[in-house]
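The following block contains the structure:
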């Protein structure tokens, strides 16, 4: 929409499984003259290489970034800016957490539990940043922070804390110290496309290492169960990504009920699911499945992480 208003060309490399699962997102972008390309595509060197190895590759965020960067680098009039995962993006989005903090003050409450979903980290960090930052500087708080990821892409709970590339082709993002499954890892085509990223932000990875955040991995079927429950009670259809935070919030509320406790639970509803109704149809018709993580695939991808001097790793941490 912004490109259309300013008369600029707009090319979108959209992860192929999302391109296929979410046609209304594509149509909306095309309505504003956007050119939407399913990634991996035959239009870039990185895309062609991946398709040659696997013609049925479902695409990943890392692959789409690689193609977008390659496209940008070949144009003299184009620059590429990273819009997710890196620390400056997380810091830019902390306005959401600061607003939430003010809202809690107006309500005369303080959260016992704060929950957000995790792909690269910005959805979680935007709501949770203020208190973890306080803890790092010595502030005393008993608030728990729960970061929820898909079991199909468990960067926090199964990933390795090491240096890795931000994109599959190793060309689009600086190497960073992060929790990662390896830049070549290809998650199953779950409906929460925004959570299918192979690594976490360096900032989120740091607070994970400091044990300030509780990581949790959930399958998509119970997440959609909670999302439907939320929609029927709150009249808001949440995005598949947000459903992970909702599932954790429901689980925490059930824990409180079982323990006879009263706690204040805050979670980040990071988007609506109006363009994800095919995912809800899959759930409502009992066609949605959870596939166990392929351990061999995970270990093979981790081997692709760059070799780094352990002393450098220690210093970076």
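Residue numbers (this note's numbering): 1157 to 1473. For every residue, glycine included, the Cβ atom is placed at its ideal position computed from N, Cα and C. Everything numeric in this text was worked out from a predicted model, so none of it was measured.
Next item on the list: Decide if residue 1319 is buried, meaning its Cβ has at least 16 other Cβ atoms within 10 Å, or exposed.
Entry: What you label residue 1319 is simply residue 163 of the chain shown in a count that begins at 1. Buried is the call here.
Margin query: According to DSSP, is residue 1298 part of a helix, a strand, or is it coil?
Written below: By 1-based counting over the chain shown, the position of residue 1298 is 142. For residue 1298, the three-state secondary structure derived from DSSP is coil.
Note to self: Tell me the rounded alpha-carbon separation between residue 1369 and residue 1194.
What the structure shows: Taking the first residue of the chain shown as position 1, residue 1369 is located at position 213. Taking the first residue of the chain shown as position 1, residue 1194 is located at position 38. Answer to the nearest angstrom: the Cα atoms are 35 Å apart.
Note to self: Considering just the uninterrupted stretch of the alpha helix (DSSP H) at residue 1179, what are its terminal residues?
What the structure shows: For the purposes of this step, residue 1179 is taken as residue 23 along the chain shown, with counting starting at 1. For residue 1179, the enclosing alpha helix (DSSP H) has its first and last residue at 1179-1187.
Item checked: Sufficient close CB pairs (3 or more, under 8 Å) joining the stretch 1225-1238 to the stretch 1340-1347 -> Contact fails: fewer than three Cβ-Cβ distances are below 8 Å.
Next item on the list: Could you pull out every residue in the same chain whose Cβ sits closer than 7 Å to the Cβ of residue 1279, ignoring the five residues on either side in sequence?
Entry: To locate residue 1279, count along the chain shown from 1; it is residue 123. Excluding positions up to five away in sequence, the list reads 1272, 1273, 1397, 1424 and 1426.
Margin query: Does residue 1320 come out as helix, strand or coil in the three-state DSSP assignment?
Written below: Start at 1 with the first residue of the chain shown, and residue 1320 comes out as number 164. Looking at residue 1320 - three-state DSSP - the assignment turns out to be strand.
Checklist line | Boundaries of the beta strand (DSSP E) in which residue 1374 is found, first to last residue | finding: In the chain shown, the residue the question calls residue 1374 occupies position 218. Judged by DSSP secondary structure, residue 1374 falls within the beta strand (DSSP E) whose first and last residues are 1370-1374.
Notebook entry, point to check: CA-CA distance, residue 1439 and residue 1310?
Noted result: Taking the chain shown and counting its residues from 1, the one referred to as residue 1439 is at position 283. Taking the chain shown and counting its residues from 1, the one referred to as residue 1310 is at position 154. Each residue's alpha carbon lies about 21 Å from the other.
Margin query: Judging by CA-CA distance, which residue of 1334, 1373, 1443 and 1216 is the nearest neighbour of residue 1308?
Written below: In the chain shown, counting from the first residue as 1, residue 1308 sits at position 152. Among 1334, 1373, 1443 and 1216, the Cα nearest to that of residue 1308 is on 1373.
Checklist line | Inter-residue Cα distance where the pair is residue 1190 and residue 1418 | finding: For the purposes of this step, residue 1190 is taken as the residue at position 34 of the chain shown. For the purposes of this step, residue 1418 is taken as the residue at position 262 of the chain shown. Looking at the backbone, the Cα of residue 1190 and that of residue 1418 are separated by about 49 Å.
Next item on the list: Check the DSSP bridge columns for residue 1280 and list the partner residues they point to.
Entry: As a working mapping, residue 1280 is identified with position 124 in the chain shown. Residue 1280 is not bridged to any residue.
Checklist line | Contact test: residue 1445 Cβ vs the ligand SAM heavy atom, cutoff 8 Å | finding: Looking at this structure, you won't find the ligand SAM or any other ligand, since it has none at all.
Check: Among 1420, 1358 and 1437, which one has its Cα closest to the Cα of residue 1393?
Finding: If you number the chain shown from 1, residue 1393 lands on position 237. Of the listed residues, the one whose Cα sits closest to residue 1393 is 1437.
Margin query: At the level of alpha carbons, what is the spacing between residue 1170 and residue 1421?
Written below: If you number the chain shown from 1, residue 1170 lands on position 14. If you number the chain shown from 1, residue 1421 lands on position 265. A straight-line Cα-Cα distance of about 34 Å links residue 1170 and residue 1421.
Margin query: Tell me the DSSP secondary structure of residue 1345 in three-state form.
Written below: The sequence position of residue 1345 within the chain shown is 189, counting from 1. Note: residue 1345 maps to coil in three-state DSSP.
Margin query: Given a cut-off of 9 Å on the beta-carbon distance, is the pair residue 1457 and residue 1339 in contact?
Written below: By 1-based counting over the chain shown, the position of residue 1457 is 301. By 1-based counting over the chain shown, the position of residue 1339 is 183. Against a cut-off of 9 Å, the Cβ pair of residue 1339 and residue 1457 comes out as a contact.
Check: In chain order, which beta strand (DSSP E) runs of at least 3 residues are fully inside the stretch 1378-1440?
Finding: Segments of the beta strand (DSSP E) lying fully in the stretch 1378-1440: 1421-1423.
Note to self: Check whether the stretch 1219-1228 and the stretch 1195-1205 touch, using three or more Cβ-Cβ pairs below 8 Å as the test.
What the structure shows: Remark: three or more beta-carbon pairs, one from each stretch, lie closer than 8 Å, so the stretch 1219-1228 and the stretch 1195-1205 are flagged as touching.
Notebook entry, point to check: Can the beta-carbon of residue 1446 be found less than 9 Å from the beta-carbon of residue 1377?
Noted result: Here residue 1446 corresponds to residue number 290 of the chain shown, with the count starting at 1. Here residue 1377 corresponds to residue number 221 of the chain shown, with the count starting at 1. With contacts defined by Cβ atoms closer than 9 Å, residue 1446 and residue 1377 form a contacting pair.
Notebook entry, point to check: Closest to residue 1227 by CA distance: which of 1322, 1316 and 1202 is it?
Noted result: Your numbering for residue 1227 matches position 71 in the chain shown. Each of 1322, 1316 and 1202 was checked against the Cα of residue 1227, and the nearest Cα belongs to 1202.
Next item on the list: Kindly list the residues whose CB is nearer than 6 Å to the CB of residue 1315, restricted to its own chain and excluding five residues on each side of it in sequence; keep chain order.
Entry: Taking the chain shown and counting its residues from 1, the one referred to as residue 1315 is at position 159. For residue 1315, the CB contacts under 6 Å within the same chain, skipping 5 residues up- and downstream, are 1335, 1336 and 1337 in chain order.
Check: Can you round the beta-carbon distance between residue 1303 and residue 1371 to whole angstroms, since I take them to be within the 8 Å contact cut?
Finding: Position 147 of the chain shown, counted from the start, is the residue given in the question as residue 1303. Position 215 of the chain shown, counted from the start, is the residue given in the question as residue 1371. Contact holds; Cβ gap of about 5 Å.
Next item on the list: Express the C-alpha separation of residue 1246 and residue 1281 in angstroms, rounding to a whole number.
Entry: To locate residue 1281, count along the chain shown from 1; it is residue 125. To locate residue 1246, count along the chain shown from 1; it is residue 90. Distance between the alpha carbons of residue 1281 and residue 1246: 6 Å.
Notebook entry, point to check: Mapping DSSP to helix, strand and coil, what is residue 1453?
Noted result: In the chain shown, residue 1453 corresponds to position 297, counting from 1. Residue 1453: helix per DSSP, three-state reduction.
Note to self: Run through the DSSP bridge pairs and tell me what residue 1336 is partnered with.
What the structure shows: For the purposes of this step, residue 1336 is identified with residue 180 of the chain shown, where counting begins at 1. Among the bridge pairs identified by DSSP, residue 1336 is matched with 1316 and 1355.
Margin query: Can you list, in chain order, the residues of its chain with a C-beta nearer than 6 Å to that of residue 1165? Leave out the 5 residues immediately preceding and following it.
Written below: For the purposes of this step, residue 1165 is identified with residue 9 of the chain shown, where counting begins at 1. Result list for residue 1165: empty, nothing under 6 Å.
Note to self: Could you tell me the alpha carbon to alpha carbon distance between residue 1327 and residue 1243, rounded to whole angstroms?
What the structure shows: Taking the chain shown and counting its residues from 1, the one referred to as residue 1327 is at position 171. Taking the chain shown and counting its residues from 1, the one referred to as residue 1243 is at position 87. Whole-angstrom Cα-Cα distance: 18 Å.
Margin query: Classify residue 1183: buried if its beta carbon has 16 or more other beta carbons within 10 angstroms, exposed otherwise.
Written below: Here residue 1183 corresponds to residue number 27 of the chain shown, with the count starting at 1. So residue 1183 counts as exposed.
Checklist line | Cα-Cα separation between residue 1313 and residue 1352, rounded to whole angstroms | finding: Working through the chain shown from its first residue, we reach residue 1313 at position 157. Working through the chain shown from its first residue, we reach residue 1352 at position 196. Distance between the alpha carbons of residue 1313 and residue 1352: 14 Å.
Check: Mind pulling the alpha helix (DSSP H) runs of 4 or more residues that sit fully within the stretch 1203-1280?
Finding: As far as the stretch 1203-1280 is concerned, its whole alpha helix (DSSP H) runs of at least 4 residues are 1217-1229, 1243-1248 and 1251-1263.
Margin query: Let's test the definition: count the other Cβ atoms within 10 Å of the Cβ of residue 1359 and tell me whether it reaches 16, buried, or not, exposed.
Written below: Translated into positions along the chain shown, residue 1359 becomes position 203. A residue is called buried when at least 16 other Cβ atoms come within 10 angstroms of its Cβ; residue 1359 meets this threshold and is buried.
Next item on the list: Write down the C-beta distance between residue 1283 and residue 1252 rounded to the nearest angstrom, noting that I regard them as a contact closer than 8 Å.
Entry: Your numbering for residue 1283 matches position 127 in the chain shown. Your numbering for residue 1252 matches position 96 in the chain shown. Sure, about 6 Å apart at Cβ, within 8 Å.
Checklist line | Buried/exposed call for residue 1118, threshold 16 Cβ in 10 Å | finding: Outside the displayed span of the chain (1157 to 1473) sits residue 1118, for which this structure offers no information.
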